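In the working numbering, the protein residues as written are 633 to 823.
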């Protein structure tokens, strides 16, 4: 099932509305954003099965059942001890010894960080997913071949392009060149 929903859960409706507005404008991922003000209803929503990332405030964590969500970003609300203190949910599961199998990642960030920083954390969580947001899977057998030479005019581009052409005869190949504008090579080949 394609996971294409970002859920934001907070009892503070103003904060949730502002974060939602920022993410809709600046998060350029194909995600439907759903806002939930009551954490106890999270697992009952049909969108929860398609949730790629759950962004939830610390005060709502104790009311929510997080074992259905693979990627959780907890927005810590306490000013001191944010890095050292373990969220109540994790402590609860450690005590019981029943950490859910499908819960892959829980990250924490201060709620008082900039919205840009929260966006970066959401993107980082999405990039770690097995299935990316757009449904592309990592292909096994993928090879990266790089050419580098600190010397100028060592025919590095010519050699890399020739190697790319040879590889393209047997398998799909993507050639990337990081020179500002290597047009000289293409002009020489045509003429």
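A virtual CB, placed ideally from N, CA and C, is assigned to each residue, including glycine.
All of these numbers come straight from a predicted model, not from anything done at the bench.
Whole-angstrom C-beta distance between residue j and residue i, which should lie under 8 Å
i, j, result
"residue 672", "residue 696", "7 Å"
"residue 743", "residue 753", "Not quite, the Cβ-Cβ distance comes to about 12 Å (not below 8 Å), so this is no contact."
Spatial distance of residue i from residue j (CA atoms)
i, j, result
"residue 755", "residue 797", "34 Å"
"residue 811", "residue 784", "12 Å"
"residue 681", "residue 791", "49 Å"
"residue 777", "residue 786", "18 Å"
"residue 741", "residue 640", "14 Å"
"residue 747", "residue 775", "36 Å"
"residue 700", "residue 710", "25 Å"
"residue 651", "residue 706", "14 Å"
"residue 708", "residue 751", "15 Å"
"residue 649", "residue 788", "53 Å"
"residue 687", "residue 660", "17 Å"
"residue 793", "residue 804", "14 Å"
"residue 806", "residue 644", "47 Å"
"residue 781", "residue 653", "46 Å"
"residue 638", "residue 662", "10 Å"
"residue 799", "residue 745", "47 Å"
"residue 779", "residue 749", "34 Å"
Per DSSP, cross-strand counterpart(s) of residue i
i, result
"residue 641", "668, 688"
"residue 742", "708"
"residue 737", "703"
"residue 683", "637"
Residue environment, residue i, which counts as buried when at least 16 other CB atoms sit within 10 Å
i, result
"residue 684", "buried"
"residue 802", "exposed"
"residue 808", "exposed"
"residue 657", "exposed"
"residue 689", "buried"
"residue 634", "exposed"
"residue 655", "buried"
"residue 674", "buried"
CA nearest to the CA of residue i, picked from the options
i, options, result
"residue 758", "703, 782, 738, 774", "703"
"residue 691", "789, 642, 651, 751", "642"
"residue 669", "662, 661, 693", "693"
"residue 647", "701, 667, 739", "667"
"residue 676", "662, 760, 698, 655", "698"
"residue 678", "636, 653, 644", "636"
"residue 737", "760, 800, 795", "760"
The ligand ZN heavy atom lying under 8 Å from the CB of residue i
i, result
"residue 655", "Ligands are entirely absent from the displayed structure, and the ligand ZN is therefore not among its contents."
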